[in-house]
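The structure under discussion appears below in the form of structure tokens.
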Amino acid sequence: MLGTRHEEYYSYFNNLPFRLTTDIEITASSYSHEANWHDNLELQLCTSGQGSVMLDEKIIPFAKNDIILINSNVIHHTSTTGIIRYSCLIIDTQFCKSIGIDPIALQFCSKLTSASFLSSFKAIIDTYENTADICRIARLNEILIKMLIELREHYTISENAYTAKKRSFDAVKCTIKFIRTNYARKISLDEAAKNAFMDKYTLSREFKKLTGMTIVQYINSYRCKKAAECITSGTSVSEAARMCGFTNMSFFTKTFKCYMHKMPSEYKDK
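For our numbering, count along the sequence shown from 1 and bump the result up by 181.
The structure is reproduced here in structure tokens:
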């Protein structure tokens with residue numbers, strides 16, 4: 182059974198409004214057993230082999246030159262029974278909004294079939310790899326805008342559809358943000374639910390469904406990750422525990438080992 186995780190993309194590289202990963206290879210024995218979701222539009226281009234992409238509960242075949250579009254907040258997972266290679270383009274949500282194309286408010290077709298869009302995707306890969314081009318950044322932005330315009334004009338299937346599913350995603354994202362802002366202090370389920378404008382029982386159910394973790398598990402996991410960062414940067418183990426919301430050292434050590442699979446002291450002098 183697949184787990185589910187939430188991903189966030191806030192930083193991009195080299196002044197580009199996207200992340201591009203090419204030549205991703207997965208096999209029947211090596212693909213991830215976690216589905217994921219995020220705000221961003223994601224495009225996957227199959228370059229060889231065949232497999233499938235799960236979009237929520239829908240399974241779409243994925244073969245050479247197919248382009249799959251993953252809409253904002255859609256739980257997705259790419260798999261194969263053999264071997265498949267593909268490239269993945271994750272587009273900055275704020276960039277899309279800045280040009281009047283809001284990927285959170287819009288829904289696009291899941292499979293893109295036009296030759297022009299395929300040509301643009303391949304062009305963005307070629308241009309990205311041509312680091313000697315003095316106009317590389319400008320060309321990449323030009324190609325990306327062209328792709329987004331084509332999506333908006335020819336592949337939009339609905340606008341401003343605020344569904345119960347979207348409300349659940351919004352509540353879970355709100356709770357994740359709340360936890361990441363307030364992890365250093367005690368957080369109650371009642372407080373998190375009030376912040377998300379959802380009753381605590383519904384929020385708990387939706388949070389587990391969309392992240393694969395309970396709210397308490399997420400809080401403890403995030404606190405341990407932040408504590409590891411503190412210890413790595415030179416903070417003492419006891420001070421890192423205190424700074425990250427732990428009041429009992431025995432509980433901290435046990436919880437840290439559970440989530441980080443190492444003792445806190447092992448993060449010293451990294």
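All residues carry an ideal CB built from backbone N, CA and C; glycine is no exception.
From a predicted model like this one, the values you see are computed outputs, not experimental measurements.
Does residue i pass the burial test, meaning 16 or more other C-beta atoms within 10 Å, or should it be called exposed?
i      : result
Arg361 : exposed
Asp247 : buried
Ala319 : exposed
Asp380 : exposed
Cys277 : buried
Val234 : buried
Tyr382 : exposed
Phe437 : buried
Tell me the DSSP secondary structure of residue i in three-state form.
i      : result
His335 : helix
Ser349 : helix
Ala244 : strand
Lys239 : strand
Asp380 : coil
Tyr399 : helix
Lys407 : helix
Asp283 : coil
Tyr364 : coil
Ser297 : helix
Asp314 : coil
Ala216 : strand
Glu188 : coil
Among the residues of its own chain, which have a CB less than 7 Å from the CB of residue i, if the five just before and after it don't count?
i      : result
Ala304 : Ile324
Glu189 : His219
Val255 : Trp218, Leu236, Asp237
Does the beta-carbon distance from residue i to residue j come in below 9 Å?
i      : j      : result
Ile265 : Ser229 : yes
Ser268 : Leu222 : no
Glu387 : Val418 : no
Lys239 : Cys227 : no
Thr202 : Glu310 : no
Leu293 : Ile326 : no
Tyr440 : Asn376 : no
Leu452 : Thr308 : Outside the displayed range of the chain (182 to 451) lies residue 452, so it cannot be described from this structure.
Leu287 : Glu372 : no
Ile338 : Phe289 : yes
Thr413 : Lys449 : yes
Spatial neighbours of residue i within its chain, please: C-beta separation below 6 Å, excluding the five flanking residues on both sides.
i      : result
Gly232 : Phe243, Ser260, Thr261, Ile265
Ile251 : Glu223, His257
Tyr212 : Ser260
Ile282 : Leu329, Arg333
Comparing the C-beta of residue i with each C-beta of chain D, is any distance below 9 Å?
i      : result
Ile249 : In the structure shown, chain D does not exist; there is a single protein chain.
Check whether the Cβ of residue i sits closer than 8 Å to any heavy atom of the ligand GTP, and report yes or no.
i      : result
Ile249 : The ligand GTP is not part of the structure shown, which contains no ligands of any sort.
Sorted by chain position, which residues of the same chain lie with C-beta nearer than 8 Å to residue i's C-beta, five sequence neighbours on each side aside?
i      : result
Ser295 : Glu331, His335
Asn195 : Ile318
Gly393 : Gly184, Thr185, Arg186, Glu215
Lys367 : Gly426
Asp273 : Tyr190, Tyr193, Pro198, Phe199, Asn221
task = Inspect the CB distances between the region 248-262 and the region 203-222 and report whether three or more fall short of 8 Å.
result = yes
ask   = Should the region 421-433 be called in touch with the region 388-398, which here means at least 3 C-beta pairs below 8 Å?
value = No, because fewer than three Cβ pairs between the region 421-433 and the region 388-398 fall closer than 8 Å, the two stretches do not touch.
key: Stretch pair the region 442-450 + the region 406-417: three plus CB contacts closer than 8 Å   = In short, these stretches touch, since the Cβ pair count reaches three.
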